[in-house]
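Okay, so here's the structure we're looking at.
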């Protein structure tokens, strides 16, 4: 025989279900560039990291909302309070993490609705933990990628020899996580051509590099570069080397073309190449 629940019991179960739902949700941006002219555009920090945009949604009839945002470098915490604000009730609203942040570091966020602290709030007053990180300026992006390149250069022997003749040859190494890096240098005419080819190469699992950098130089190690490098993962961009001039075996003129995914191309001076490989 089929049993029918009384109306008051059905209503009670429905009310319990509503109360069990979270009253606040949070979404954090990842590598977000502020390109919309009608949107607030927070400036990047001195180290070139843009603030993370934190989009808050609530389910409450309160006209005034008290919202706290906490941040950590791990999903498990500990979390530190970074935003404590009072807002008018809207469908959703954006807040911004302007606290110091480092390139290559992901951050974890949790929001609390009400006057309570994270420790004293109920599960319904807390959002789920979400992950986000700020985009990098063109200059900061290049410096970050260049540090990853230098780590791969340090694995090589032939390409790091002091003389031009000593650099001739081929060698290959593997990324600590994935992929390969192959170096080839040979004589061509009165000079030489060197190729550095990356195939899904990653040492840290955060940044993967694919592409080829080609250097054409004379016997005095002066010339120019060509080729592109595509980076994917935590940061996504293409770097075009075709406008770089080589002097004495190093970048000595021209510009790097930096094309981050999500924003416009920009030419930056070769002088940003501060962590250069040895001759």
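Residue numbers (the working numbering): -18 to 260.
Glycine included, C-beta positions come from ideal geometry on N, C-alpha and C.
Here the structure is a predicted model, which means the values were calculated and not measured.
Cα-Cα separation, residue i to residue j
i	j	result
residue 70	residue 42	8 Å
residue 79	residue 203	44 Å
residue 258	residue 131	Its pLDDT being 40, under 50, residue 258 is placed unreliably in this model, and the value from its coordinates should be taken loosely. One C-alpha to the other measures close to 6 Å.
residue 57	residue 3	19 Å
residue 62	residue 107	13 Å
residue 49	residue 103	14 Å
residue 16	residue 245	9 Å
residue 205	residue 218	22 Å
residue 143	residue 129	22 Å
residue 105	residue 72	18 Å
residue 252	residue 237	10 Å
residue 208	residue 194	5 Å
residue 198	residue 235	15 Å
residue 260	residue 35	Model confidence at residue 260 stands at a pLDDT of 36, short of 50, so the residue's coordinates are unreliable and nothing is read from them.
residue 121	residue 171	37 Å
residue 65	residue 14	24 Å
residue 189	residue 74	34 Å
residue 196	residue 175	5 Å
residue 10	residue 87	11 Å
residue 25	residue 249	17 Å
residue 233	residue 59	46 Å
residue 182	residue 222	18 Å
residue 98	residue 225	53 Å
residue 239	residue 177	18 Å
residue -11	residue 215	Any reading at residue -11 must be qualified, since the residue scores a pLDDT of 39, below 50, and its modelled position is unreliable; no value is offered.
residue 141	residue 110	45 Å
residue 8	residue 82	18 Å
Which of helix, strand or coil DSSP assigns to residue i
i	result
residue 138	coil
residue 126	helix
residue 147	helix
residue -13	Note that residue -13 scores 48 on pLDDT, short of 50, meaning its location in the model is unreliable and no value can be drawn from it.
residue 88	strand
residue 44	coil
residue -18	Below a pLDDT of 50, predicted positions are generally treated as unreliable, and residue -18, at 44, falls in that range; the measurement from the model is reported next regardless. Three-state DSSP puts residue -18 in coil, outside helix and strand.
residue 73	strand
residue 223	coil
residue 249	strand
residue -2	With a pLDDT of 39 at residue -2, under the threshold of 50, the modelled position of that residue is not reliable, and the figure given next carries that caveat. Residue -2 falls in the helix class under three-state DSSP.
residue 82	coil
residue 108	coil
residue 24	coil
Cβ-Cβ distance between residue i and residue j below 8 Å
i	j	result
residue 169	residue 161	no
residue 153	residue 163	yes
residue 185	residue 158	yes
residue 116	residue 31	yes
residue 114	residue 27	no
residue 77	residue 53	no
residue 92	residue 5	yes
residue 151	residue 165	yes
residue 94	residue 39	yes
residue 119	residue 23	no
residue 220	residue 126	yes
residue 211	residue 192	yes
residue 29	residue 187	no
DSSP beta-bridge partners of residue i
i	result
residue 114	11
residue 98	In the DSSP output, where bridge partners are listed per residue, residue 98 has none listed.
residue 241	218
residue 267	Any property of residue 267 remains undetermined from this structure, which presents the chain solely from -18 to 260.
residue 51	62 and 91
residue 103	DSSP output for residue 103 lists no bridge partner at all.
Residue-chain proximity (residue i, chain D), Cβ-Cβ < 8 Å
i	result
residue 95	Among the chains in the structure shown there is no chain D, since it carries only a single protein chain.
* Asked: Along the chain, which unbroken stretches of the beta strand (DSSP E) at least 3 residues long are found entirely within the region 147 to 204?
  -> Counting only runs of 3 or more, we get 150 to 155, 159 to 169, 172 to 183 and 188 to 199.
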